[in-house]
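The structure under discussion appears below in the form of structure tokens.
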Amino acid sequence: MNIPVRRFDTLILGAGGGGLRAALQLARADAHVAVVSKVFPTRSHTVAAQGGVNAALANVTPDNWHWHMYDTVKGSDYLGDQDAIEYMCRAAAHLVYELEHAGVPFSRLESGRIYQRPFGGQSREFGGAQATRTCAAADRTGHAILHTLYQQNIRARTNFFDEYFAIDLIHDDEGAVLGVLTMDIATGEPLVIEAKTTLIATGGCGQLYRTTTNAHINTGDGMAMALRAGIPLQDMEFFQFHPTGIAGKGMLITEGARGEGGYLVNKDGERFMERYAPNVKDLASRDVVSRAISIEVREGRGCGPNADHVMLKLDHLGSDIVAKRLPGIRDTCKTFMHLDPVDTPIPVFPTAHYAMGGIPTDRFGRVVMPSGDSPEEVVPGLYAAGECACVSVHGANRLGGNSLLDILVFGRAAANDILGFLKNNRYHRPPNQTCIDKAYERFARWEKQGDGESVQAVRADLKKAMEDHCGVFRTEKIMQEGIDVIKAIRARLPDVRLQDQSKVFNTARIEALELENLADIAIATMRSAEARQESRGAHSRIDYPDRDDAHWMKHSLYTLEDDSLDYKPVRTKPMSVETFPPKKRVY
Amino acid sequence: MRFKIYRYNPDVDEEPYMQEFVLEHVKPGMMLREALMELKNQDETLSFRHSCGEGVCGSDGVNINGLNGLACITPVAELTEPVEIRPFPGVPVIRDLVVDMSGFYKQYRSVKPFLIRYDPEPEVENLQSPEERDKLDGLYECILCGCCSTACPSFWWNPDKFPGPSALLQSWRFLADSRDQAMEERLDALDGPYKLFRCHTIMNCAYVCPKGLNPTKAIGHIKALMLKHSV
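Quick mapping for you: the protein sequence lines, in order, are chains A and B. The first sequence lines up with residues 28 to 614 when you count with our numbering. The second sequence lines up with residues 1063 to 1293 when you count with our numbering.
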């Protein structure tokens, strides 16, 4: 099989905010960049981010990056790496200003400066009063940022491979990553893209769950590619459930709704967050609020005929605030619930939202894995940024407003490191043919014809299994069963067949390849979760209700090849300031 | 519920045809996107784009009973049966409901849809008053779904020359931005018989826009600005 080849200096997989921010940096430095995306760039899921991006601009209340750093470390339940967190919080203000210069239509204060709103888990003076740190363009901040970054890439004349699906990474005999095998979705033809560096920026995997705020495309393709290339995934047990997805449907209602003054009530009309987080109430960290809602419902204080959700009240805010600051979620409520939040509360329930875990990287965006004596050996030529990566700045629980920041900071950091790499590695290395053949095999496997199960049936079972066995609250027994169920589902994959054997825009084939990716990530998540015998951040175990720093203040690393778990220490030493030592986490 | 869906796969079909589908179980509040996904479970070869499911990514624009719209925010209960689903009119079909949007994107790029400033960059943000920022509301929310341009007769006739309502709305988004400093070059680029003035205010664009935006109004603003600028 002779597969056509294109060569670039540098390759980016994924055209969300992380990929586009990196592409912009590289294109502006005159590197020859290719961006591969399975959808047109502005369809990427960054577009759905609502509430804003955190940066200590101090436009509304006094603020500084060090307070932001403290909140992020505390929010991470002390599993975040403090060097990376310091780097991110220090860079935040500059990167937000850069976005503004690039054209992002941020909402504005009377002073003409960027509008900022309060968000969960954010404080002044290391745990003091509520901070106002989240920079917003109404409740469409992700849309505004993604479109602006794409527009600036048009200006920089970045090469886009729109609607190309990445199958698997290609490397050489020494393990250096040299590009990817792709498929042109429109024609079904394979294409090898060779590059001196490859940045994975493929986003999250919320399609693991049945009810999710994530789009249909969020199938963890990059994470699964890394797993199959022998790279472990880090901290996959930490999956964030957003407290306020529309109950039963999953559409996101931004944390900004509570930032603007909204609050949650149970069936008795009680503002129950006062019991769980006496100081900050509805603006506690997401893991705390999600658990609180789950407990309210479990203990019979849920709303509705099935007592299976709680209510988010915005009706006291007045139509001006809702129209001005929350127009997007108001539309969503009207469209999907036939209610106007200006006068009717919104039924909400914790909904699968964000993977804190992912491909392990350092704060330069370089992918690292254990090798010999070192727990963090750089994989040459391979980078990762954004939700698919685990730097780790989010640790066991991400703060709202830190994911847009993460993609900007580490998309740019990776690009800067790539420029250095390109200086020292001027020539393309020959890839290993066996590796290309193996990637091609995965692609061609779906041409097998005959009777078999459908992709859809297996995908539905997988999502149900993850929801049943790896949700907000977890126990040994539930998760051990979960591992068996996921393994049984994985065993069905070889017998799945496609009825659609066409080459032209075959979305059934794409969904089959996505299903394989989800199945790889599901086992990584399930196994990592079952092994961690403590409760930390988003990982809440009924049988181990406390955090156990003595045994578990460490990162999990799951390797697919031998289905094994390994661990590495948390980087507790920041770049320049004092360590924030673990404390009891109270909001 | 009965559906008639446009099918064409250049791999196997000599010409397009309409295929009938029946959806037995219509869930309360069901959107067309979910219905199409159910129909795809019946016949896996049915191809269409979709992603976010809440009207923000702009992937699933199709022609529904003669009107362009987003499948994910169109409740099926409000549609007349048999529901006829076709690809966007006036653009090449790749397969089934999937159209070639490259001409639409090219026109988007042609209006330089990015902020242009010539002043040195300040070390903090450029200032913009809330009133100045308000002028971008109704413009920046465009999701590039293509519903408007592929409903526009002027765009059908001259897709290679006429930017179309979506691109012109984008042009006004930057002309209306107090931070932008490229008014003259933007206006110059829109002069001529096939650019701005190819809009004949038919207003299909505003009628179909799933985000409630009004490209015709934006085009009117550009026309007024151009007039003011030329005298």
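Even glycine gets a Cβ: it sits at the ideal position worked out from N, Cα and C.
State yes or no: is the beta carbon of residue 1176 of chain B nearer than 9 Å to at least one beta carbon in chain A? yes
By Cβ distance, which residues of its chain are closer than 7 Å to residue 1162 of chain B, with the 5 residues on each side in sequence left out? 1153, 1154, 1156
Can you check the segment 39-107 of chain A for any beta strand (DSSP E) of at least 3 residues that lies completely inside it and give the ranges in chain order? 60-64
Comparing alpha-carbon positions, which option in A:175, A:289, A:94 lies nearest residue 155 of chain A? A:94
Given residue 463 of chain A as reference, the closest of A:217, A:549, A:249 once Cα atoms are compared: A:217
Short check: CB of residue 440 of chain A to CB of residue 114 of chain A, under 9 Å? yes
What is the DSSP secondary structure of residue 1201 of chain B, counted as helix, strand or coil? coil
Would you identify the three-state DSSP class for residue 1271 of chain B, choosing helix, strand or coil? coil
For residue 161 of chain A, which of helix, strand or coil comes out of DSSP? strand
What does the alpha-carbon distance come out to for the pair residue 299 of chain A and residue 611 of chain A? Near 21 Å, if we compare the C-alpha coordinates of residue 611 of chain A and residue 299 of chain A.
Do residue 283 of chain A and residue 79 of chain A count as a contact pair if the criterion is CB distance below 9 Å? yes
Spatial neighbours of residue 1197 of chain B within its chain, please: CB distance less than 7 Å, with the 5 preceding and 5 following residues excluded, ordered by chain position. In chain order, 1238 place their CB closer than 7 Å to the CB of residue 1197 of chain B, counting only its own chain and leaving out the 5 sequence neighbours on each side.
As a quick exercise: from A:365, A:136, A:595, A:329, pick the residue whose alpha carbon is nearest that of residue 86 of chain A. A:136
Between the CA atoms of residue 545 of chain A and residue 503 of chain A - distance to the nearest angstrom: Note on geometry: alpha-carbon atoms of residue 503 of chain A and residue 545 of chain A lie some 23 Å from one another.
With 16 as the cutoff for other CB atoms within 10 Å, does residue 32 of chain A come out buried or exposed? exposed
Can you give me, in chain order, the residues of the segment 1073-1086 of chain B that have a beta carbon less than 7 Å from any beta carbon in chain A? 1073, 1074
Can you check whether the CB of residue 554 of chain A is closer than 9 Å to the CB of residue 592 of chain A? Yes, these two residues count as a Cβ contact at 9 Å.
Can you find a C-beta in chain B that's less than 9 Å from the C-beta of residue 54 of chain A? no
Does any C-beta atom of chain B lie closer than 9 Å to the C-beta of residue 491 of chain A? no
How long is the line joining the alpha carbons of residue 202 of chain A and residue 75 of chain A, rounded to whole angstroms? 36 Å
Beta-carbon contacts of residue 215 of chain A that lie in its chain and below 7 Å, excluding the five residues immediately before and after: In chain order, 530, 531, 533 place their CB closer than 7 Å to the CB of residue 215 of chain A, counting only its own chain and leaving out the 5 sequence neighbours on each side.
Chain A residues whose Cβ lies nearer than 7 Å to that of residue 1113 of chain B: 66, 70, 242, 243, 244
Burial state of residue 153 of chain A (16 or more Cβ within 10 Å): exposed
DSSP three-state assignment for residue 1292 of chain B, whether helix, strand or coil: It is helical.
Rounded separation between residue 1225 of chain B and residue 235 of chain A - CA only: 40 Å
In three-state DSSP terms, what is residue 1278 of chain B? helix
Run through chain A and tell me which residues come within less than 7 Å of residue 1121 of chain B, C-beta to C-beta. 66, 70
Please determine if the segment 600-614 of chain A and the segment 1063-1081 of chain B are in contact, where contact requires at least 3 C-beta pairs separated by less than 8 Å. no
Within the segment 537-595 of chain A, note down every full beta strand (DSSP E) run reaching 3 residues or more, in order along the chain. Secondary structure remark: continuous beta strand (DSSP E) runs of at least 3 residues inside the segment 537-595 of chain A, in chain order: 581-586.
Once the 5 residues before and after residue 211 of chain A are set aside, which same chain residues still bring their CB inside 7 Å of it? 191, 218
Output the distance between the C-alpha atoms of residue 168 of chain A and residue 576 of chain A, rounded to the nearest integer angstrom. 36 Å
Residue from A:260, A:374, A:414 with nearest C-alpha to residue 332 of chain A: A:374 is the residue among A:260, A:374, A:414 whose C-alpha sits nearest the C-alpha of residue 332 of chain A.
Can you name the residues of chain A whose CB is closer than 8 Å to the CB of residue 1264 of chain B? Those do not exist, as residue 1264 of chain B stays about 26 Å from chain A at its closest Cβ, beyond 8 Å.
Can you give me the C-alpha to C-alpha distance between residue 239 of chain A and residue 278 of chain A, rounded to a whole angstrom? Cα to Cα, the separation comes out at about 7 Å.
Nearest by alpha-carbon distance to residue 1103 of chain B: which of A:481, A:563, A:552 is it? A:481
Helix, strand or coil, according to DSSP, for residue 116 of chain A in the structure here? In the structure shown, residue 116 of chain A sits in a helix (DSSP, three-state: H, G or I).
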